[in-house]
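Engineer:
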Amino acid sequence: MDFHVLGPLEALVDGQRLDIGGNRQQIVLASLILEAGSVISIDRLMKAVYGENLPSSARVQVQICVSALRRLFGTHGHPKMIATRNQGYVLVPAGTTIDVQRYERLILEARAAGNVGRKEEATTRYREALSLWRGLALEGLDSEPLRMVADRLTERRLTVNEDCIEFELDLGRHREVIAELGGLVADHPLRERLRGQLMLALYRSGRQAEALDAYRAARAALIDELGLEPSEWLQRLERSILTADSALSVPEVVVAAVPPVVLPQEPAEILPPPLIIETLETVEPEPAAEAAPPPRNDPAVPSMLPTDIADFTGRSKQIDAIQVQLAMAADDPGQLAVPIIVVAGKPGIGKTVLGVHVSHRLAPRYPDGQLFADLHGRASSRVSPMQILERFLRTLGIPGTSIPDGLEERAEMYRGLLSNRRMLVVLDNVGSESQVLPLLPGNPATAVLVTTRSRLGALPGAVHVDIDVLDPQQCVELLSRIAGPDRFLAEPDATTMLIDLCGRLPLALRIAGARLSARPHWTVDQLVERLENESRRLDELNHGAMGIRVSISITYDNISDPARRLFRLLAVLDCTSFSVWVCAALLDEPLPDAHDLLDQLVEAQLVELVGTEHGPHRQYRFHDLIRVFARERLAAEEPLGERNAALHRVFGGLLFLAEEAHRRLYGQSNRQLHSPAPRWEFPPRSTDRMLVEPLAWFERERQLISSSVRQAAKVGAIEFCWDLAVTAVTLFDSRVYLNDWRETHEVALGAVRQAGDRLGQAVVLYSLGSLNIVEKRFTDARHRLEDAAQLFHVVGEDHGEALASRNLAYLERINGNLAEAARRYEQILPVLRRVGDLAASAYVLHSMAQVELERENAEGAKAMLVEALELSRRVGSRRIEAQALYHLGDAHLQAGEADRAVNVFDEALSVVRDLGDPIGEAYARLGLGMAYTRGGDWDKADAALASAQQIATDNGELLVDARAEFSKGELALVGGKPHAAVTHLQRALDKFREINAPVLEERVLTMLSGAYSAMSRSVSRS
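Number 938 in numbering that gives the first Met the number 0 belongs to position 939 of the sequence shown; there are no gaps in the numbering.
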């Protein structure tokens, strides 16, 4: 994800700009970006949004902004982007590119280059930094703290512009900068340094008269605006121009450690202000570094780098990282160790291409030569350090007869030859640390760049630079450079499909581009059609000496047999990501053994890491083309019976963990309806580690659960299919994933009907009926629940029949049939107690209490709710506890006990926040709003109701939305605002009618009548 603040605020994913939201959300995001990686307190965010005059709802509004940003980033694959810390939030910088950070790095690079006299390089870096600006920093954001930061950035930008022009003047580019300087002077007429630079540029361009006119204009502006004469140094510059002082000529050789001043040679006291680059944190001026030594005059100055690739594309972030690291090492007088950069990535990702390209860019920094060797790390033709040392020693001028026989002796001679040289050593395609260690020089002036498919974690002090697939725009650029842009411009949709089928892997894109270049009569769509057949995709991605299958095979053939088997079996899953426990189930092996084998695959770059979590919570995935290769090997090497058995073990492991997660959330006595499908169980300690946060586990495995429901239906594992679907409702209900709930259950219902599984049909219909209640589709809910109850009765499942009847009782209550609702509840309560479902019993008790509240029997409701609360706490069901607390708050409100209601709703809010339940939070805040209204605390009531309605709207919770609107009407009415009350109540009436809630409609109509009466009285008085 990319964030831009050097201009209007932008957030981009894969080059696509996100809709961040309104001004408040933009201010919150900008504040977090500017201090990425650091915690920002809620108080600071409140002041950034509202200034010093904070409304009572400021904290809630900031929390709503953060919640909205998290949802936005979560829908684009970055759910952990904003983390909560003690009393604040932090933007996690991993996986992000922030333009202001790159801007700062480029400025530091420019300084470092300028300090050693590399003015061309310094100018290039300054221009790269300035090109990142897209307008005024954070333009359009109304926030005083952000405006102060933006002003500092703008001031720094001007200083950087001046520093850059200073170097360009030294390089003789005076004519090229005149136009730019004219614009800058017009915008900033009181900056004497810009005035002086313009005068010098005009003078060196042979325009002496105009240079003197520029001085007169500067003098007039300073006197008019400030009442001051120009500074002494600007006056001396004018005299030097008048006398055509030879000191104003372009310097022939520049070796100064700091940029020279644009002045004739005069005493130090008349120099302009020093050029100090101010970062977000003040940077002390660095001591001058020594200029790079000239090349040695002996014949052994090798240049072994392969030719750079003409169509190199992208990788600017990685190139920047490598150059910055090596520049820092070169400028650090305390650097004693050899700087080592390790570029790592999967097969076909472009490690060698990047290594060669960046080496050519670095070559001028290493005037004593560049050594290069391909070590064929994971191929059978792996090259030993002995062979590489022989080549290097010969290249460095040692005759063959003088080269020692032993590895240690060769390494010592090699280190001795490099001891007083400034060289770059490039080791390509390294397989292990043992290949690298003998090839490391002892001189820190020499740098080592390594490319590898492994992490090489045992190389001391190495800086690791990981490379991943290209972004879509870079993919188009690479294809266009290889095959020409015309076809890709003419077929944008086919081009997008081609990029997806190549998995944005550079090698695959090169092959595709080469095939199109060699076949000018082909369209892009023709190649896409060939690649769409997965069984032939790797055959098609082959051209000349380039081939994806060959590239992956080299790695596959060099891992252990057990690791190869795991690699194959992972391809049996339809899901793209997986956890380490999946590997244990596939192999039918203990978790530690499976984890070791998975680590081998990660080390070999055949499997990649997903996200930032660690331990048992870490997720993994295949790259798309590596997955295709794995499926080829699965079909060729793994018997069908082994494949099916492995898949069923994964289903069994997933179902075991899902049941355990549900029990930990709802308590041991909350019984679900399950199938007899066999479970693949994990040891208690491993289970505890995986399920330390049950809902978080469900969230991580969400994709696997949905995928497994579909795959189980496809392979005929019917009991796994419906059981996984209904057990996952724990997640779908809590996090309001209604589409997942519906889609998995529709798949499961089709499967159980086709198989004639009546118990499965009953359970799925019951769950779909529950979904319809959540969606407020009460008619559909009734039909499905009645069908479920009948099927449960036929198969003799009393527990299931009681659960279906419980939900039917809820529908009766919603429709105002209180007597029928009470009858059903009283009928099923003994059944639930008999089967030991204490959690469902607690739920029925608080539902019975709601009936009593409808009958205005607050004391009777309280007694039932106290029993329900005690039961829910006994079984450890915090969700039912929250529901009981909410209705107990309702009972206190009905009894006129507003203060007690506030305390109970606060307790409910604490529980649902712990659970991460947004719908529960909406209900709790709604209750608080009603309680504050009845207690006369109208400001708190307004904030609580606004928050409840916002959360309800964000999560599609229509009932809370409507009830919050109703409560806003009540608040306006008691606050003496009948016109506003009518508006809110009319909206509430429309919403209750939309969800078919006649009892609540009646209440609204009663209050609406009172509001109209109050409005009439108000009009009469006026």
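For glycine and all other residues, C-beta sits at the position ideal for the given N, C-alpha and C. On a predicted model such as this, the values are computed, not experimentally measured, just so you know.
Write down the C-beta distance between Leu568 and Leu586 rounded to the nearest angstrom, noting that I regard them as a contact closer than 8 Å.
Structural biologist: Looking up residue 568 in the sequence shown gives position 569. Looking up residue 586 in the sequence shown gives position 587. Confirmed, about 7 Å.
Engineer: Does the beta-carbon of Thr83 have 16 or more other beta-carbons within 10 angstroms, so that it is buried, or is it exposed?
Structural biologist: Stepping through the sequence shown from its first residue, residue 83 is reached at position 84. By the neighbour-count rule (16 or more Cβ atoms within 10 Å), Thr83 is not buried but exposed.
Engineer: Mapping DSSP to helix, strand and coil, what is Gly610?
Structural biologist: The residue labelled residue 610 in the question sits at position 611 within the sequence shown. In this structure, Gly610 counts as coil in the three-state DSSP scheme.
Engineer: In three-state DSSP terms, what is Glu289?
Structural biologist: Counted from its first residue, the sequence shown places residue 289 at position 290. For Glu289, the predicted structure reports a pLDDT of 33, less than 50, and the residue's modelled location is therefore unreliable. The matter cannot be settled from this model.
Engineer: List the endpoints of the continuous beta strand (DSSP E) containing Glu9.
Structural biologist: Stepping through the sequence shown from its first residue, residue 9 is reached at position 10. Looking at the DSSP string, the run of the beta strand (DSSP E) that includes Glu9 is 9-12.
Engineer: Is DSSP giving Tyr842 helix, strand or coil here?
Structural biologist: Along the sequence shown, read from residue 1 onward, the residue named residue 842 stands at position 843. Here Tyr842 sits in helix by DSSP.
Engineer: Count the C-beta pairs between the segment 139-158 and the segment 40-55 that are closer than 8 Å, then say yes if the count reaches three, no if not.
Structural biologist: Contact holds: three or more Cβ-Cβ distances are below 8 Å.
Engineer: Whole-angstrom Cβ separation of Ala930 and Ala894, contact assumed at under 8 Å?
Structural biologist: One-based indexing of the sequence shown puts residue 930 at position 931. One-based indexing of the sequence shown puts residue 894 at position 895. Contact flag wrong, Cβ pair sits at about 12 Å.
Engineer: Whether or not the segment 320-328 and the segment 94-110 are in contact is what I'm after, with contact meaning three or more pairs of Cβ atoms, one per stretch, closer than 8 Å; do they touch?
Structural biologist: Yes: the two stretches touch, three or more of their Cβ pairs being nearer than 8 Å.
Engineer: Sort out for me which residues DSSP pairs Gly87 with in a bridge.
Structural biologist: Along the sequence shown, one-based indexing puts residue 87 at 88. Per DSSP, Ser40, Arg84.
Engineer: With distances taken between CB atoms, is the gap from Ala881 to Ala839 smaller than 7 Å?
Structural biologist: Locating residue 881 in the sequence shown gives position 882, where the first residue counts as 1. Locating residue 839 in the sequence shown gives position 840, where the first residue counts as 1. The answer is no: Cβ separation not under 7 Å.
Engineer: For the beta strand (DSSP E) that contains Val429, what are its first and last residues?
Structural biologist: For this step, residue 429 is matched to residue 430 along the sequence shown. Note, Val429: beta strand (DSSP E), 423-429.
Engineer: Please say whether Met863 and Ala841 have beta carbons closer to each other than 7 Å?
Structural biologist: On the sequence shown, position 842 is the one that residue 841 refers to. On the sequence shown, position 864 is the one that residue 863 refers to. Not in contact: Ala841 and Met863 (Cβ atoms no closer than 7 Å).
Engineer: Should Val691 go down as buried or exposed, given a rule of 16 or more other Cβ atoms within 10 Å for buried?
Structural biologist: In the sequence shown, counting from the first residue as 1, residue 691 sits at position 692. Classification for Val691: exposed.
Engineer: When burial is assigned at 16 or more other CB atoms within 10 Å of the CB, is Gln710 buried or exposed?
Structural biologist: Translated into the one-based positions of the sequence shown, residue 710 becomes position 711. Result: buried.
Engineer: Tell me the DSSP secondary structure of Ser552 in three-state form.
Structural biologist: Numbered from its first residue, the sequence shown carries residue 552 at position 553. Of the three classes helix, strand and coil, the one that applies to Ser552 here is helix, per DSSP.
Engineer: How about the segment 343-351 and the segment 543-556: do they share at least three Cβ pairs that are nearer than 8 Å?
Structural biologist: Verdict: yes, contact present.
Engineer: From the DSSP output, in three-state form, read off His3 for me.
Structural biologist: Here residue 3 is taken as the residue at index 4 of the sequence shown, counted from 1. Note: His3 maps to strand in three-state DSSP.
Engineer: Excluding the 5 residues flanking Ala780 on each side, which residues of the same chain have their C-beta closer than 6 Å to its C-beta?
Structural biologist: Reading the sequence shown from its first residue, position 781 is the one you call residue 780. Result list for Ala780: Gly768, Asn771, Ile772, in chain order.
Engineer: Any idea what DSSP makes of Ser1017, helix, strand or coil?
Structural biologist: Here the question's residue 1017 lines up with position 1018 in the sequence shown. Note: Ser1017 maps to helix in three-state DSSP.
Engineer: Taking all protein chains shown into account, decide if Glu811 is buried (16 or more other Cβ within 10 angstroms of its Cβ) or exposed.
Structural biologist: As a first step, residue 811 is located in the sequence shown; it is residue number 812 there, counting from the start. By the 10 Å Cβ count, Glu811 comes out buried.
Engineer: Which first and last residues belong to the alpha helix (DSSP H) in which Asp595 is found?
Structural biologist: To locate residue 595, count along the sequence shown from 1; it is residue 596. Where Asp595 is concerned, the enclosing alpha helix (DSSP H) stretches over 590-602.
Engineer: Would Ala593 be called buried (16 or more neighbouring beta carbons within 10 Å of its own) or exposed?
Structural biologist: Start at 1 with the first residue of the sequence shown, and residue 593 comes out as number 594. Flag for Ala593 reads buried.
Engineer: So, under 8 Å CB-CB, Leu304 and Phe371 are touching, yes? Tell me the CB distance rounded to an integer number of Å.
Structural biologist: Numbered from its first residue, the sequence shown carries residue 304 at position 305. Numbered from its first residue, the sequence shown carries residue 371 at position 372. Yes, Leu304 and Phe371 are in contact; Cβ-Cβ is about 5 Å, under 8 Å.
Engineer: According to DSSP, is Val337 part of a helix, a strand, or is it coil?
Structural biologist: On the sequence shown, position 338 is the one that residue 337 refers to. Coil.
Engineer: Please report the straight-line C-alpha distance between Ile510 and Thr494, rounded to a whole angstrom.
Structural biologist: Within the sequence shown, residue 510 is the residue found at index 511, counting from 1. Within the sequence shown, residue 494 is the residue found at index 495, counting from 1. So the alpha carbons of these two residues sit roughly 14 Å apart.
Engineer: So, are the CB atoms of Val549 and Val449 less than 7 Å apart?
Structural biologist: Here residue 549 refers to the residue found at position 550 when the sequence shown is read from its first residue. Here residue 449 refers to the residue found at position 450 when the sequence shown is read from its first residue. Result no, Cβ atoms of Val549 and Val449 do not sit closer than 7 Å.
Engineer: At what residues does the alpha helix (DSSP H) containing Asp98 begin and finish?
Structural biologist: Within the sequence shown, the letter at position 99 stands for residue 98. From DSSP, the alpha helix (DSSP H) with Asp98 extends over 98-114.
Engineer: Hey, is the segment 742-752 in contact with the segment 651-667, meaning 3+ C-beta pairs nearer than 8 Å?
Structural biologist: Taking 8 Å as the limit for Cβ pairs, the verdict is that the segment 651-667 does not touch the segment 742-752.
Engineer: Does DSSP put Tyr365 in a helix, in a strand, or in coil?
Structural biologist: In the sequence shown, counting from the first residue as 1, residue 365 sits at position 366. Looking at Tyr365 - three-state DSSP - the assignment turns out to be coil, as it is neither helix nor strand.
Engineer: Which same chain residues end up closer than 6 Å to Lys861 when comparing Cβ atoms and leaving out the 5 residues on each side of it in sequence?
Structural biologist: Numbered from its first residue, the sequence shown carries residue 861 at position 862. Within the same chain, Lys861 has close Cβ partners Ala890.
Engineer: Between which two residues does the alpha helix (DSSP H) containing Tyr922 stretch?
Structural biologist: The residue given as residue 922 occupies position 923 in the sequence shown. Note, Tyr922: alpha helix (DSSP H), 917-934.
Engineer: Taking just the CA atoms, how far does Glu637 sit from Gly430?
Structural biologist: For the purposes of this step, residue 430 is identified with residue 431 of the sequence shown, where counting begins at 1. For the purposes of this step, residue 637 is identified with residue 638 of the sequence shown, where counting begins at 1. Rounded to the nearest angstrom, the two C-alpha atoms are 28 Å apart.
Engineer: Leaving out five residues before and five after Leu53 in sequence, what residues of the same chain have Cβ atoms less than 8 Å from its Cβ?
Structural biologist: As a working mapping, residue 53 is identified with position 54 in the sequence shown. Taken in chain order, the residues that qualify are Met45, Lys46.
Engineer: From Ala208 to Leu241, what distance separates their C-alpha atoms?
Structural biologist: The sequence position of residue 208 within the sequence shown is 209, counting from 1. The sequence position of residue 241 within the sequence shown is 242, counting from 1. Taking the straight line from one Cα to the other gives about 9 Å.
Engineer: Please list, in chain order, all residues of the same chain as Phe991 whose beta carbon is under 7 Å from its beta carbon, the five residues on each side excluded.
Structural biologist: Position 992 of the sequence shown, counted from the first residue, corresponds to residue 991. Correct list, in chain order: Ala961, Leu999, Glu1000, Val1003.
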